[in-house]
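S.K.: In terms of my numbering, the sequence shown opens at residue 507 and continues consecutively.
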Amino acid sequence: VQLQASGGGLVQPGGSLRLSCAASGSFLSIDAAGWYRQATGKQRELVASITSEGGTNYLDSVKGRFTISRDNVKNTVYLQMNSLKPVDTAVYYCNARVFSSTGFDDYWGQGTQVTVSS
507 VQLQASGGGL
517 VQPGGSLRLS
527 CAASGSFLSI
537 DAAGWYRQAT
547 GKQRELVASI
557 TSEGGTNYLD
567 SVKGRFTISR
577 DNVKNTVYLQ
587 MNSLKPVDTA
597 VYYCNARVFS
607 STGFDDYWGQ
617 GTQVTVSS
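#1: Could you tell me whether the segment 604-613 touches the segment 588-595, using the rule of 3 or more Cβ pairs below 8 angstroms?
#2: Among Leu585, Asn581 and Thr618, whose alpha-carbon lies nearest the alpha-carbon of Gly531?
#3: Gly631: buried (16+ other C-beta within 10 angstroms of its C-beta) or exposed?
#4: I need the DSSP call for Val597, collapsed to helix, strand or coil.
#5: When you compare only the Cα positions, how much space is there between Ser575 and Ile536?
#6: Per DSSP, what kind of secondary structure is Val579 in: helix, strand or coil?
#7: Alpha carbon to alpha carbon, how far is Gln508 from Leu585?
#8: Rounded to the nearest angstrom, what separates Ser624 and Ser607 at their Cα positions?
#9: Could you tell me the distance, in whole angstroms, from the CA atom of Lys569 to the CA atom of Leu590?
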(Lines of atoms letter the chains of each structure in order from A; the text may use other names.)
(Lines give C-alpha, C1' and ligand atoms only; values in the text may rest on other atoms or scores of the structure.)
Protein backbone atom coordinates (compact mmCIF):
# COMPACT_ATOMS: atom_id res chain seq x y z
CA VAL A 507 0.00 0.00 0.00
CA GLN A 508 1.27 3.47 -0.90
CA LEU A 509 0.00 6.88 0.11
CA GLN A 510 0.69 9.67 -2.36
CA ALA A 511 0.40 13.17 -0.94
CA SER A 512 0.11 16.17 -3.21
CA GLY A 513 -1.14 19.74 -3.34
CA GLY A 514 1.47 21.65 -1.37
CA GLY A 515 3.09 24.83 -2.56
CA LEU A 516 3.77 28.48 -1.91
CA VAL A 517 0.78 30.65 -1.04
CA GLN A 518 0.32 34.15 0.32
CA PRO A 519 -1.18 34.72 3.76
CA GLY A 520 -4.94 34.43 3.56
CA GLY A 521 -4.75 32.07 0.63
CA SER A 522 -5.95 28.50 0.25
CA LEU A 523 -4.56 25.11 -0.67
CA ARG A 524 -6.06 21.66 -0.91
CA LEU A 525 -3.91 18.69 -0.05
CA SER A 526 -4.74 15.22 -1.35
CA CYS A 527 -3.63 11.83 -0.10
CA ALA A 528 -4.40 8.97 -2.48
CA ALA A 529 -4.01 5.36 -1.42
CA SER A 530 -3.03 2.70 -3.92
CA GLY A 531 -2.14 -0.96 -3.79
CA SER A 532 -3.81 -4.06 -2.47
CA PHE A 533 -6.20 -3.28 0.38
CA LEU A 534 -9.88 -3.40 1.23
CA SER A 535 -10.58 -0.01 2.75
CA ILE A 536 -9.18 3.00 4.56
CA ASP A 537 -10.19 3.12 8.20
CA ALA A 538 -9.13 6.29 10.02
CA ALA A 539 -6.82 8.85 8.44
CA GLY A 540 -5.11 12.04 9.40
CA TRP A 541 -2.92 14.90 8.35
CA TYR A 542 0.16 15.82 10.36
CA ARG A 543 2.64 18.62 9.94
CA GLN A 544 6.17 19.29 11.01
CA ALA A 545 7.67 22.73 10.97
CA THR A 546 11.43 23.24 10.97
CA GLY A 547 12.81 22.59 14.42
CA LYS A 548 9.49 21.43 15.83
CA GLN A 549 7.86 18.11 16.55
CA ARG A 550 5.33 16.58 14.22
CA GLU A 551 1.77 17.40 15.25
CA LEU A 552 -1.64 16.08 14.31
CA VAL A 553 -3.55 18.72 12.37
CA ALA A 554 -6.77 16.90 11.53
CA SER A 555 -8.18 13.39 11.60
CA ILE A 556 -11.20 11.61 10.21
CA THR A 557 -12.76 8.32 11.24
CA SER A 558 -14.20 5.64 8.98
CA GLU A 559 -17.67 7.07 9.75
CA GLY A 560 -16.59 10.59 8.83
CA GLY A 561 -16.13 11.98 12.31
CA THR A 562 -13.50 14.71 12.41
CA ASN A 563 -11.16 16.29 14.90
CA TYR A 564 -8.89 19.32 14.53
CA LEU A 565 -5.94 21.02 16.13
CA ASP A 566 -7.30 24.07 17.93
CA SER A 567 -5.23 26.50 15.88
CA VAL A 568 -6.76 25.32 12.58
CA LYS A 569 -10.39 24.97 13.64
CA GLY A 570 -12.65 26.95 11.35
CA ARG A 571 -9.93 27.24 8.71
CA PHE A 572 -9.08 23.66 7.73
CA THR A 573 -11.46 20.89 6.68
CA ILE A 574 -10.58 17.22 6.36
CA SER A 575 -12.70 15.01 4.14
CA ARG A 576 -12.55 11.66 2.40
CA ASP A 577 -13.73 10.04 -0.82
CA ASN A 578 -14.09 6.32 -0.19
CA VAL A 579 -14.59 5.57 -3.88
CA LYS A 580 -11.34 7.26 -4.84
CA ASN A 581 -9.56 6.08 -1.66
CA THR A 582 -8.42 9.65 -1.13
CA VAL A 583 -8.32 11.92 1.90
CA TYR A 584 -8.27 15.70 1.50
CA LEU A 585 -7.27 18.66 3.62
CA GLN A 586 -8.79 21.95 2.54
CA MET A 587 -6.79 24.78 4.07
CA ASN A 588 -8.23 28.30 4.00
CA SER A 589 -7.10 31.58 5.54
CA LEU A 590 -3.57 30.27 5.67
CA LYS A 591 -1.10 31.94 8.00
CA PRO A 592 2.71 31.96 8.03
CA VAL A 593 2.59 29.73 11.13
CA ASP A 594 0.97 27.03 8.98
CA THR A 595 4.24 26.68 7.07
CA ALA A 596 5.42 23.10 7.45
CA VAL A 597 5.84 19.78 5.72
CA TYR A 598 2.47 18.07 5.75
CA TYR A 599 2.18 14.29 5.98
CA CYS A 600 -0.82 12.04 5.58
CA ASN A 601 -1.35 8.92 7.62
CA ALA A 602 -3.92 6.20 7.12
CA ARG A 603 -4.95 3.06 8.91
CA VAL A 604 -5.65 0.63 6.11
CA PHE A 605 -7.62 -2.60 6.29
CA SER A 606 -6.45 -5.48 4.13
CA SER A 607 -6.69 -9.28 4.12
CA THR A 608 -3.98 -9.37 6.79
CA GLY A 609 -5.70 -6.92 9.11
CA PHE A 610 -5.02 -3.27 9.94
CA ASP A 611 -1.76 -1.47 9.20
CA ASP A 612 -0.64 2.15 9.39
CA TYR A 613 0.96 3.89 6.44
CA TRP A 614 2.55 7.29 5.86
CA GLY A 615 2.68 9.32 2.71
CA GLN A 616 5.70 11.34 1.69
CA GLY A 617 5.59 14.91 2.90
CA THR A 618 4.37 17.83 0.89
CA GLN A 619 5.75 21.29 1.63
CA VAL A 620 3.34 24.11 2.43
CA THR A 621 4.88 27.56 2.60
CA VAL A 622 2.80 30.58 3.55
CA SER A 623 4.66 33.78 2.81
CA SER A 624 4.22 37.13 1.17
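Glycine included, each C-beta is placed from N, C-alpha and C at the ideal position. Bear in mind the structure is a predicted one, so any value in this text is a computation, not a measurement.
M.R.: In terms of the structure at hand:
#1: no
#2: Reading the sequence shown from its first residue, position 25 is the one you call residue 531. Cα-wise, what sits closest to Gly531 is Asn581.
#3: This structure leaves residue 631 out entirely; the chain is present only between 507 and 624.
#4: To locate residue 597, count along the sequence shown from 1; it is residue 91. It is a strand residue.
#5: Locating residue 575 in the sequence shown gives position 69, counting from the first residue. Locating residue 536 in the sequence shown gives position 30, counting from the first residue. Ser575 and Ile536: Cα-Cα distance of roughly 13 angstroms.
#6: Translated into the one-based positions of the sequence shown, residue 579 becomes position 73. Note: Val579 maps to coil in three-state DSSP.
#7: Within the sequence shown, the letter at position 2 stands for residue 508. Within the sequence shown, the letter at position 79 stands for residue 585. Rounded to whole angstroms, Gln508 to Leu585 spans 18 angstroms at the Cα level.
#8: Taking the first residue of the sequence shown as 1, we reach residue 624 at position 118. Taking the first residue of the sequence shown as 1, we reach residue 607 at position 101. Taking the straight line from one Cα to the other gives about 48 angstroms.
#9: Along the sequence shown, read from residue 1 onward, the residue named residue 569 stands at position 63. Along the sequence shown, read from residue 1 onward, the residue named residue 590 stands at position 84. One C-alpha to the other measures close to 12 angstroms.
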